[in-house]
Every structure is written in structure tokens, then in C-alpha cells.
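The structure appears right after this line, and notes come after that.
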Amino acid sequence: MNNREITRPSRELVDPFWDISVASISTFLRSRGILRHAMLGPKALTPGMKTVGTAVTLQFLPKREDIIEGLGEEQTEKTSALWASIMSIKQGDVLVIDARGHMQTGCLGEMLMTGVQARGGKGIVVDGCLRDLPSALDLGLPLFARGGTPANAGFFEMYPWDYNLPIGCGSVLIFPGDIIVADDDGAVVVPPKIAEKVIEWCQPKEDREIFEKMKIRETGNVAKYHPMNEEAKQEYAEWLKQLKKSEEI
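Here it is in C-alpha cells:
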């Protein structure tokens, strides 16, 4: 029985991922044998906008007209899992939607996206489509989807069936309460139980890449700085030392 309650990881565990790229997370997860972590299909509709948060999940299933009386009427849609999932969102959540890759159902429109944002939602990830994109893109809410469509939820082939249960988004298993990170490279899931290990491995990698990019921009010497040879590693160690000193001032 779905009791709808989500065990959310602490903000201290989630917030460091704002400074870690999806690419770095993917590298770590693959190195640990977690291969199915990157959602297939959702692309950044709001380029340059990253999202990090706790998964609230929504499941769409194929519509069968005899199951739901009044299907296709807005008041009926309002009693569905779609509205319920949005009302369950809390500060720092990301709405993750299993739309089975369907391209003719707009899972949310501008009004409901505004509701997600107003309740503290940090973004939406869906392996299907969204609607009202001409205006929704101005909300300032990170959106990741396969594209846009004028069709709305429930009026055509798919229906919002259940929420806050395990789903498959883009061929990846997502549990309510998982950590979601998405940027222009795509969207990944981080199991909370290994989040600390991901952070411990990724943060130094992010620092190294800042240094490598800086030196390559200065010198053009890719062979020396990516990956770093021994001389470059010594330079990096000194750079880190100076960086830490400046942070202590």
C-alpha cells in the first residue's frame, strides 16, 4: 500500500551536488558498477539551468476509458495523481515523471509548473513531453523533457495514475527520496545511501578540472594538463595550497 510518505535525505547531503557536474557523478557511478543511472530521453529545455533535489515521483500509464469516469474533463484530471503529486512537493524536491517515453501527452502545463515552483520544487524531469513551453520557459524553473506538445495530460493516450512510488524514468529506476541531479548533459539519479561517497570522490575531481582547464586555457598544453603529468600534479598541489590559504583569509 502506497502511504505517500517520502524519506528525504538531509539538505547537508543534497546541497553539495549543486557544485558537482552530472558528468562527474556519472563517471563515479560507472566506476562502481551502477550503470543504469542516466535517464534516457530527458534533455535540458532550459539550457544553463541546473537542478538538484529529492525525487517526488509521478507515474503515467496507458489510458483505458472504462476505468475512470469523466475522463477528459478537467475536474476529473484534478482528482488524479498529477494534482496529488504536486501537492506533495516540499522545498527542495524535483518532480520526476514516468511518461513511458510518450510524445503526445503534455504531462504538465504552465499552471501546474507554476504550482511546482511555488511549493519549493527545484525542477521537473520527464521522459515524455511538457506543454505551454512558450510561456513555461520564462518561469525560471529547470525543465528536462523529450520535448513539447500541445496535448495535455489525460485527454489522449496516457493518464497520471499514481505518485510517490518506484518508477522507471528514461529506463532508470527512481525511488521517491532519491537524489536527482540534472544539467545540460542530462539527468542522473544518486542513491542517498552512497551520496557521501559520490561527494567525496567528485569534489576533488571538480577542483582538478578547474585547474586543468585554467592551465590549458593559459598554455594550450593538453598533453601536460589533461590528464596531468607529474610536473602538472606538483603545480596543482601548490595551487590547491594557495587556494586554501586564500579561503582562510
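Here our numbering is used: the first residue of the sequence shown is 1, the next is one more, and so on.
For every residue, glycine included, the Cβ atom is placed at its ideal position computed from N, Cα and C.
Item: Verify whether the separation of the beta carbon atoms of G106 and P150 is less than 9 Å.; Value: yes
Item: My parser needs the beta strand (DSSP E) runs of 3 or more residues fully inside the region 151 to 190; what are they?; Value: 158 to 163, 167 to 169, 172 to 174, 179 to 183 and 186 to 190
Item: Opposite F144 in the DSSP bridges: which residues?; Value: A44 and V125
Item: Determine the direct distance from the alpha carbon of E206 to that of G177, and round the result to whole angstroms.; Value: 25 Å
Item: Between the alpha carbons of L143 and D15, how many angstroms are there, rounded?; Value: 19 Å
Item: Ignoring anything shorter than 3 residues or poking outside the region 53 to 119, list the beta strand (DSSP E) runs there in chain order.; Value: 93 to 98
Item: Of the choices C202, L40, T51 and E5, whose alpha-carbon is the least far from that of S264?; Value: Nothing can be reported for residue 264: it is not among the residues displayed for the chain, which extend from 1 to 249.
Item: Check this for me: beta carbons of V190 and H37, under 9 Å apart or not?; Value: yes
Item: Between the Cα of D185 and the Cα atoms of R11, T51 and L35, which residue gives the shortest distance?; Value: T51
Item: Taking its Cβ as the centre, do 16 or more other Cβ atoms sit within 10 Å of R8, making it buried, or is it exposed?; Value: buried
Item: With three or more beta-carbon pairs closer than 8 Å as the criterion, would you say the region 107 to 127 touches the region 80 to 96?; Value: yes
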